[in-house]
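Undergrad:
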Amino acid sequence: MTTTLTTNPSSPTTPNESSESIMTTTTLTAPAAATRTPKVPTIGVIKAEWLKFWSVRSTAVTLLAAGFATVAFGMIFSAVAESDEPAGPAALLSDPVDLALGGIGLSEMIIGVLGVMFVAGEYSTGLIRTAFAAVGKRGRVIRAKAAVLSASIFGVGLAAVTASVVLGQAVYAGSEATSAVTDVLDVIFGTTLYLVGIGLIGAALGFILRSTAGGIGTLVGGVFIGPNLLNLLPDSFTDVFMKYLPSEAGAAMMTQVSNPDLLSRGAAYAVFTAWVVGLLGVAGWLVKRRDA
Amino acid sequence: MIEVTNLTKQYGETLAVDNLTFTVRPGIVTGFLGPNGSGKSTTMRMILGLDSPTSGTATVNGLPLGEHGRPLTSLGFLLDAGAVHPTRSAHDHLRALALTNGLPTSRVDEVLDIVGLGEVGKRRSGGFSLGMGQRLGIAAALLGNPDVIMLDEPVNGLDPEGILWIRHLLQNLADEGRTVFVSSHLMSEMELMAEHFVIIGQGRLIKDISADELRAMAVGEKTQVRADQLDDLVGLMRGDGIEIVSGDRETVSVRGLTSGEIGRIAQTNNIALTSLIPEQRSLEDVFMSLTHDTVQYHGGSRMEAAA
Chain B
71 MTTTLTTNPS SPTTPNESSE SIMTTTTLTA PAAATRTPKV PTIGVIKAEW
121 LKFWSVRSTA VTLLAAGFAT VAFGMIFSAV AESDEPAGPA ALLSDPVDLA
171 LGGIGLSEMI IGVLGVMFVA GEYSTGLIRT AFAAVGKRGR VIRAKAAVLS
221 ASIFGVGLAA VTASVVLGQA VYAGSEATSA VTDVLDVIFG TTLYLVGIGL
271 IGAALGFILR STAGGIGTLV GGVFIGPNLL NLLPDSFTDV FMKYLPSEAG
321 AAMMTQVSNP DLLSRGAAYA VFTAWVVGLL GVAGWLVKRR DA
Chain X
49 MIEVTNLTKQ YGETLAVDNL TFTVRPGIVT GFLGPNGSGK STTMRMILGL
99 DSPTSGTATV NGLPLGEHGR PLTSLGFLLD AGAVHPTRSA HDHLRALALT
149 NGLPTSRVDE VLDIVGLGEV GKRRSGGFSL GMGQRLGIAA ALLGNPDVIM
199 LDEPVNGLDP EGILWIRHLL QNLADEGRTV FVSSHLMSEM ELMAEHFVII
249 GQGRLIKDIS ADELRAMAVG EKTQVRADQL DDLVGLMRGD GIEIVSGDRE
299 TVSVRGLTSG EIGRIAQTNN IALTSLIPEQ RSLEDVFMSL THDTVQYHGG
349 SRMEAAA
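In order, the protein sequences belong to chains B and X. When we follow this note's numbering, the leftmost residue of the first sequence carries the number 71, and every step to the right adds one. When we follow this note's numbering, the leftmost residue of the second sequence carries the number 49, and every step to the right adds one.
Quick look at the structure:
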């Protein structure tokens, strides 16, 4: 269709003009016209979601705050390590790289909440309906949102995690410790991918629960706090199941220290990926069969 | 063209939309009328592919909207003018929508100008008035230069000037050969705007009727008559099934004769009529009486019911 909308309330068309336009715009009522319209490339939907993500100031601020928290807390923990009276999380950590990433506990929560809000916020405004109707296929909206979240969190996360490790080492106040470069790179990538996955879990919960409050509650309760409660259960139980939780699989992805309570790095990646893909799958299945 | 065929939507025990069939034709503005809760929005959501029908179909230009490659170029819609992120600018809101359908950014500026928001496009839409929000919603509907435009309650929150503006806009869109489908629960808003009406109540079709036919229904059964020799005329008009009620001394109200018949009786008998007024009900009245039985919540009086 090549006609452009010329409608202007101040210059109403005359009857002659309008009957002409009816005749020239022959595609108006032909059913075939619909089948001829080419599909929008997926990149268009991704670009739209990218613009939506970054055109809301709170989104950008939240993501950058998560990055800042990662670096700032990492430096603080590193700087106070092995001081006379180590306090707080710093006291529990001994590996310098773990110490430098001590801020992740806060930033993962911020990023998870961001993932929930990116999706559930559109349910509360009603914008999600506009997106579904405009795109036609709901799966494309879900995939585009996941792609945008992944890319944004990966970019900011990688920068923040790398800065944390580098700056954390620079201000490290503890005794000398050496790490193999490849191990440190493993930790940097593992941590970044964990943050991406947490953001995607948040988004999946947003699609599943369609409510910001419900999504954040489930995320915080189920992913971040729930595992601590499980610690109260008998060891025979927690020893078997705990390590398969997303947060515990994440812990294995984020450390170079081997820990018998955690999965191996490879198994941790597989388990964590299964959580993320599984929850996104449930989200996609629900979204397609539910009324929007 | 929008075709709705045997469309039904059931929520639990409630039939929100009950076997609805109608066609919205191009070239005219069609009003979609019904009281609150009559199923207008549910019907529109099914046309948009957002709600899936329990049974029946809704197609846009022959295909369900979701199967159109670029839905916005087939059907532009306004569902809820509040569906914007308050801190995102109007321009960014529309640009994101344009990107999903591969539309150029220049089109965003065009539609902002058409709806009169060109000056404020870069401002946060959260600061918009109700009327500006409606205009932004209409801009979104025009974005894809679609053949079919569907607006849910677009007049809500518009001032009289805004209502006039949207009337001209929709008329021009229809004159260009587009299909224009506009819902409202107020006949007073629609009667100057629409050329055809689809009227529903409790999810069922009540009337699929042209504005002219509806106006014909508004012609009442009574005629007010004034004449110089009124008593003589009353005597001549008496007959089976004819009811004559006197108003003030010079006026009678006649039921059972058309104004034409009364005029001819007067003419044959050389009586000068001074006034002959067929009772005219407002379209609002006709609409109210059509939908009265289907209104879910009646107020204490007809005045309240109309509010």
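Beta carbons are placed, not taken as given, at the ideal position from N, Cα and C, and that holds for glycine. What you are looking at is a predicted structure, and each value in this text was computed from that prediction instead of being measured.
(1) DSSP three-state label for Phe176 (chain X), please.
(2) Is there a Cβ of chain B sitting closer than 7 Å to that of Pro202 (chain X), yes or no?
(3) Residues of the segment 89-104 of chain X with a CB closer than 7 Å to any CB of chain B: list them in chain order, please.
(4) What is the rounded straight-line gap between the Cα of Ala102 (chain B) and the Cα of Gly110 (chain X)?
(5) In angstroms, rounded to a whole number, what distance separates the CA positions of Ser67 (chain X) and Ala190 (chain B)?
(6) Using a C-beta to C-beta distance shorter than 9 Å, which residues of chain X count as neighbours of Ser128 (chain B)?
(7) Using only CA atoms, which one of X:Glu327, X:Thr62, X:Thr71, X:Leu331 lies nearest to Leu253 (chain X)?
(8) Report buried or exposed for Asp200 (chain X), applying the criterion of at least 16 other Cβ atoms within 10 angstroms of its Cβ.
(9) Are Val52 (chain X) and Ala106 (chain X) closer than 7 Å when you measure CB to CB?
(10) Would you call the CB atoms of Ile290 (chain X) and Gly87 (chain X) closer than 7 Å?
(11) Count the CB pairs spanning the segment 71-86 of chain X and the segment 171-182 of chain X that are closer than 8 Å, and state whether there are at least three.
(12) With Lys88 (chain X) as the anchor, note down where its beta strand (DSSP E) starts and where it stops.
(13) Taking the DSSP output, what are the residues bridged to Leu324 (chain X)?
(14) What beta strand (DSSP E) runs, 3 residues minimum, are completely inside the segment 233-270 of chain X?
(15) Give a yes or no on whether the C-beta atoms belonging to Val230 (chain X) and Ala222 (chain X) are separated by under 7 Å.
(16) Would you please state the rounded distance, in angstroms, between the beta carbons of Ile198 (chain B) and Ile268 (chain B)? I believe it to be under 8 Å.
(17) At a CB-CB cut-off below 8 Å, which residues of chain B make contact with Leu113 (chain X)?
(18) I'd like the ranges of any alpha helix (DSSP H) spanning at least 4 consecutive residues and lying wholly in the segment 118-194 of chain B.
(19) Ordered along the chain, which non-local residues of its own chain (more than five positions away) have a Cβ less than 7 Å from that of Gln277 (chain X)?
(20) State buried or exposed for Val347 (chain B), treating a residue as buried only when at least 16 other CB atoms are found within 10 Å of its CB.
(21) Just to check my reading of the structure: Leu191 (chain X) and Arg155 (chain X) have Cβ atoms closer than 8 Å, yes? What is that Cβ distance to the nearest angstrom?
(22) Confirm, please, whether the CB-CB distance from Ala64 (chain X) to Thr90 (chain X) is below 7 Å.
(23) With distances taken from CA atoms, which of B:Gly292, B:Gly336, B:Pro304, B:Phe307 is nearest Ser317 (chain B)?
(24) Indicate whether Ile144 (chain B) and Gly175 (chain B) have their beta-carbon atoms separated by less than 7 Å.
(25) With a threshold of 7 Å between beta-carbons, can Leu147 (chain X) be considered close to chain B, or not?
(26) What does DSSP give as the partner residues of Gly79 (chain X) in its beta bridges?
(27) Any beta carbon from chain X within less than 7 Å of Ala217 (chain B)'s own beta carbon?
(28) So, helix, strand or coil for Val359 (chain X), using DSSP?
(29) Can you check which of these residues, X:Thr148, X:Met265, X:Thr306, X:Asp161, is closest to Leu338 (chain X) by C-alpha distance?
TA: Answer, in terms of the structure:
(1) Here residue 176 (chain X) corresponds to residue number 128 of the second sequence, with the count starting at 1. Looking at Phe176 (chain X) - three-state DSSP - the assignment turns out to be coil, as it is neither helix nor strand.
(2) Against the second sequence, residue 202 (chain X) aligns to sequence position 154. No, no contact with chain B.
(3) Leu96, Gly97, Leu98, Asp99, Ser100
(4) Counted from its first residue, the first sequence places residue 102 (chain B) at position 32. Counted from its first residue, the second sequence places residue 110 (chain X) at position 62. The predicted position of Ala102 (chain B) is uncertain, since its pLDDT is 44 and thus under 50; no value can be drawn from it.
(5) On the second sequence, position 19 is the one that residue 67 (chain X) refers to. On the first sequence, position 120 is the one that residue 190 (chain B) refers to. Reading off the sequence, residue 67 (chain X) comes out as Asn, not Ser. Answer to the nearest angstrom: the Cα atoms are 33 Å apart.
(6) Working through the first sequence from its first residue, we reach residue 128 (chain B) at position 58. Those within 9 Å of Ser128 (chain B) in chain X are Thr135.
(7) Along the second sequence, read from residue 1 onward, the residue named residue 253 (chain X) stands at position 205. Among X:Glu327, X:Thr62, X:Thr71, X:Leu331, the Cα nearest to that of Leu253 (chain X) is on X:Thr71.
(8) The count along the second sequence starts at 1 and reaches residue 200 (chain X) at position 152. That one is buried.
(9) Counting from 1 along the second sequence, the entry for residue 52 (chain X) is found at position 4. Counting from 1 along the second sequence, the entry for residue 106 (chain X) is found at position 58. Going by C-beta atoms, Val52 (chain X) is nearer than 7 Å to Ala106 (chain X).
(10) The count along the second sequence starts at 1 and reaches residue 290 (chain X) at position 242. The count along the second sequence starts at 1 and reaches residue 87 (chain X) at position 39. No, Cβ-Cβ distance for Ile290 (chain X) and Gly87 (chain X) is not below 7 Å.
(11) no
(12) In the second sequence, residue 88 (chain X) corresponds to position 40, counting from 1. Looking at the DSSP string, Lys88 (chain X) is not in any beta strand (DSSP E); the run it does join, the alpha helix (DSSP H), is 88-95.
(13) Sequence index remark: in the second sequence, residue 324 (chain X) carries index 276 (1-based). For Leu324 (chain X), which the question treats as bridged, DSSP gives the partners X:Val273.
(14) 244-249, 252-258
(15) Locating residue 230 (chain X) in the second sequence gives position 182, counting from the first residue. Locating residue 222 (chain X) in the second sequence gives position 174, counting from the first residue. No, they are not a contact pair.
(16) Here residue 198 (chain B) corresponds to residue number 128 of the first sequence, with the count starting at 1. Here residue 268 (chain B) corresponds to residue number 198 of the first sequence, with the count starting at 1. At roughly 22 Å, the Cβ-Cβ gap does not stay under 8 Å, so Ile198 (chain B) and Ile268 (chain B) are not in contact.
(17) As a working note, residue 113 (chain X) is residue 65 in the second sequence. Those are Ala203, Gly206, listed as they occur along chain B.
(18) 127-150, 159-162, 166-170
(19) In the second sequence, the residue the question calls residue 277 (chain X) occupies position 229. The residues are Ile319.
(20) Taking the first sequence and counting its residues from 1, one reaches residue 347 (chain B) at position 277. With fewer than 16 Cβ atoms within 10 Å of its Cβ, Val347 (chain B) is classed as exposed.
(21) Here residue 191 (chain X) is taken as the residue at index 143 of the second sequence, counted from 1. Here residue 155 (chain X) is taken as the residue at index 107 of the second sequence, counted from 1. So it is a contact: roughly 6 Å between Cβ atoms.
(22) The residue you call residue 90 (chain X) lines up with position 42 of the second sequence. The residue you call residue 64 (chain X) lines up with position 16 of the second sequence. Yes, the Cβ-Cβ distance between Thr90 (chain X) and Ala64 (chain X) is below 7 Å.
(23) The sequence position of residue 317 (chain B) within the first sequence is 247, counting from 1. Selected option, being the one with the closest Cα: B:Gly292.
(24) Taking the first sequence and counting its residues from 1, one reaches residue 144 (chain B) at position 74. Taking the first sequence and counting its residues from 1, one reaches residue 175 (chain B) at position 105. The question names Ile, yet the displayed sequence has Gly at residue 144 (chain B). Their beta carbons are not under 7 Å apart, which means Gly144 (chain B) does not touch Gly175 (chain B) by this criterion.
(25) Walking along the second sequence from the start, residue 147 (chain X) turns up at place 99. Answer yes: the Cβ-Cβ gap between Leu147 (chain X) and chain B drops below 7 Å somewhere.
(26) Along the second sequence, read from residue 1 onward, the residue named residue 79 (chain X) stands at position 31. Looking at the DSSP assignment, Gly79 (chain X) forms a beta bridge with X:Val230, X:Phe245.
(27) The residue labelled residue 217 (chain B) in the question sits at position 147 within the first sequence. Ala217 (chain B) does not count as touching chain X.
(28) Missing from the structure shown is residue 359 (chain X); chain X here goes from 49 to 355 and no further.
(29) As a position in the second sequence, residue 338 (chain X) is number 290, starting the count at 1. Measuring from the Cα of Leu338 (chain X), the nearest candidate turns out to be X:Met265.
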